[in-house]
Amino acid sequence: MVTVRLKKGKERIVQSKHPWIFSGAVDKIDEVNQNGETVLVKSFDGKELALGAVSIHSQITVRVWSFNCDEPIDKKFFEKRIKSAIALREKIIDKNSTNVYRLINSENDLIPGLIVDVYGNFVVCQFLSAGAVFWKREIVEILYELLKPECIFERSDSESLLKEKLEKNVGVLYGNEPPELIEVEENNIKFFINIKSGHKTGFYIDQRDNRKLITEFVHNKSVLNCFCYTGGFSLYAQSANAKHITNIDSSSEALNILKQNFELNNYSTDNVENIEGDVFKLLRKFRDEDRKFDVIILDPPKFAESVSQVTKAARGYKDINLLAMKLLNSGGFLFTFSCSGHITQELFRKIIDDAATDSGRTVKIIKQLTQSSDHPILSSFPEGLYLKGLICEII
Ligand code: SAH
């Protein structure tokens, strides 16, 4: 087996069970036959530390499969890990009300580089590391054997593949071509999902628990849903009898599906206003018009794709939060999120604190939020926490 020898002292990161070994920690590496193959990681003085997948073009040279060097990395190994991920979802997903959830959350389910989302009878996969790609055939076989879905669809089209110098791949891995829109249910609310070209694997599954929470705050209230995508938060708001809902998104396709989602649930749209446009501009317009809302949701896309973008991203977050705070009625609520992994919880808090100061409003944080429970965070992998949110009362 190909051996990767670490530099002196660099074994500590592996001993802490962090699954990534960066190129800077590597002293010497044997010749690799195939990108993604299994390698043995050793300390500088020859102690066997871990088995992992090598990524020759990545800054993360090895993603660890197992810290037990006697454990064979084969189809059985992946079957065990996938079964364990399935077992967790059996405990946390109420299948009577929800059939869309994340089944495998990459490093956090001990399969680095593999994302698997379930949409009813459809399974959508992303193979985002050389190791996951290397074991793709076996993984698809296991998913078929364990889940017997109608279709397994690949959506390996994330920009992160560029960093790994891996090819993008989108298409059917098993079964027939899926329809343009498939119907799923989340907490008894129906959604149309475009798994072939919607964002991520089609839906922001990670917001499920937070979407449900909003129902406690919106009864008979005016709601502004910024970056609404296909209407996730808005459908929940309507289910809880909001007085008025304003949706903003820059994507006409997303707003089109939003309208279909309202119809699908037989929800009235008489009290719903959909605006295709730029949130940054529209919040300013609303400020100038002196419009006010009782509840505002800010769930923007990732503003920081890399560490170098953190400062600019922080300015963007502060800008929209400051504007939203000004637009809220006294006693209103702001649901604010950041899904940029590079923006830490502490930094996000600081951004909100700064926006609160500059807005001249009194801001009480009443709850801290994160990603839904089917997006677990491995304790030795702090990077697993990426979605941060706060519910703030604005006085
Ligand atoms: N809250 C949604 C997910 C939001 S994803 C849910 O629960 O499903 C972020 C959305 O922001 C995307 O739909 C994207 O089209 C939109 N977007 C990105 N930049 C934007 C901008 N400047 N103004 C308005 N919408 C934007």
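Residue numbers (my numbering): 3 to 397.
Idealized CB from N, CA, C, for every residue including glycine.
Bear in mind that the values here come from a model prediction, so they are computed numbers and not experimental data.
Contacts around residue i, its chain only, beta-carbon distance under 7 angstroms, and the 5 residues preceding and following it disregarded
i: Lys-12; result: Ala-27
i: Gly-343; result: Glu-385, Tyr-388
i: Ala-87; result: Leu-105, Ile-106, Asp-111
i: Gly-173; result: Glu-156
i: Lys-304; result: Cys-341, Ser-342
i: Asn-267; result: Ile-191, Lys-192, Leu-237
i: Leu-349; result: Ala-316
i: Cys-230; result: Ser-236, Asn-249, Ile-250, Asp-251, Leu-260
i: Val-312; result: Ala-306, His-344, Ile-345
DSSP-derived helix/strand/coil call for residue i
i: Arg-210; result: helix
i: Asp-47; result: coil
i: Lys-30; result: strand
i: Gly-177; result: strand
i: Gln-61; result: coil
i: Val-365; result: strand
i: Leu-380; result: coil
i: Arg-195; result: First, the amino acid is wrong: residue 195 is Ile here, not Arg. Strand.
i: Glu-161; result: coil
i: Ile-141; result: helix
i: Tyr-146; result: helix
i: Val-220; result: coil
i: Asp-398; result: This structure gives no information on residue 398, because the portion of the chain shown stretches from 3 to 397.
i: Ile-259; result: helix
i: Asn-267; result: coil
i: Asp-360; result: helix
i: Lys-10; result: coil
i: Tyr-351; result: The amino acid occupying residue 351 in the given sequence is Arg; Tyr does not appear at that position. The answer is helix: DSSP assigns Arg-351 an H, G or I state.
i: Thr-313; result: helix
i: Leu-284; result: helix
Contact test: residue i Cβ vs ligand 1 heavy atom, cutoff 7 angstroms
i: Ala-256; result: yes
i: Ile-184; result: no
i: Asp-119; result: no
i: Val-281; result: yes
i: Tyr-319; result: no
i: Thr-40; result: no
i: Gly-234; result: yes
i: Asp-206; result: With the sequence shown as reference, residue 206 is identified as Tyr, and Asp is not the correct amino acid for it. Indeed, a heavy atom of ligand 1 lies less than 7 angstroms from the Cβ.
i: Phe-219; result: no
i: Asp-211; result: no
i: Pro-302; result: yes
i: Phe-229; result: yes
i: Ile-345; result: no
i: Ile-250; result: yes
i: His-201; result: yes
i: Ser-25; result: no
i: Ser-158; result: no
i: Ser-253; result: yes
One or two residues paired with residue i in a DSSP bridge
i: Gln-370; result: Leu-392
i: Gly-279; result: In DSSP, Gly-279 forms no bridge with anything.
i: Thr-5; result: Leu-42
i: Asp-251; result: Glu-278
i: Asn-107; result: Ile-117
i: Ala-89; result: Paired residues: none, contrary to the question.
i: Asn-400; result: The shown model of the chain, from 3 to 397, leaves out residue 400, and the question about it has no answer.
i: Val-56; result: Val-64
i: Phe-155; result: Val-126, Val-174
i: Val-102; result: Tyr-121
Beta-carbon contacts of residue i that lie in its chain and below 8 angstroms, excluding the five residues immediately before and after
i: Val-125; result: Leu-105, Val-118, Asp-119, Leu-145, Leu-149, Pro-151, Cys-153, Ile-154, Phe-155
i: Asn-289; result: The amino acid occupying residue 289 in the given sequence is Arg; Asn does not appear at that position. For Arg-289, where only same-chain residues beyond five positions count, the Cβ hits under 8 angstroms are Leu-325, Lys-328, Leu-329.
i: Leu-8; result: Val-16, Ile-23, Ala-27, Val-28, Asp-29, Val-43, Lys-44, Ser-45, Phe-46, Leu-51
i: Arg-286; result: Leu-325
Terminal residues of the alpha helix (DSSP H) in which residue i lies
i: Glu-39; result: Here Glu-39 belongs to no alpha helix (DSSP H), and DSSP marks it neither H nor E.
i: Asp-301; result: Taken as a continuous stretch (DSSP letters only), Asp-301 belongs to no alpha helix (DSSP H), as it is neither H nor E.
i: Glu-73; result: First-last for Glu-73: undefined, no H or E at that position.
i: Ala-239; result: 234-241
i: Gly-133; result: 132-136
i: Gln-17; result: 13-17
Terminal residues of the beta strand (DSSP E) in which residue i lies
i: Phe-129; result: 124-129
i: Glu-187; result: 184-188
i: Leu-403; result: Any property of residue 403 remains undetermined from this structure, which presents the chain solely from 3 to 397.
i: Ile-23; result: 22-24
Contact set for residue i: own chain, Cβ-Cβ below 6 angstroms, skip 5 residues either direction
i: Thr-248; result: Leu-226, Glu-275
i: Lys-138; result: Phe-129
i: Val-4; result: Asp-32, Val-34, Val-41
i: Gly-38; result: Ala-55, Ala-132, Gly-133, Val-135, Phe-136
i: Phe-235; result: Arg-213, Ile-216, Asn-227, Ile-299
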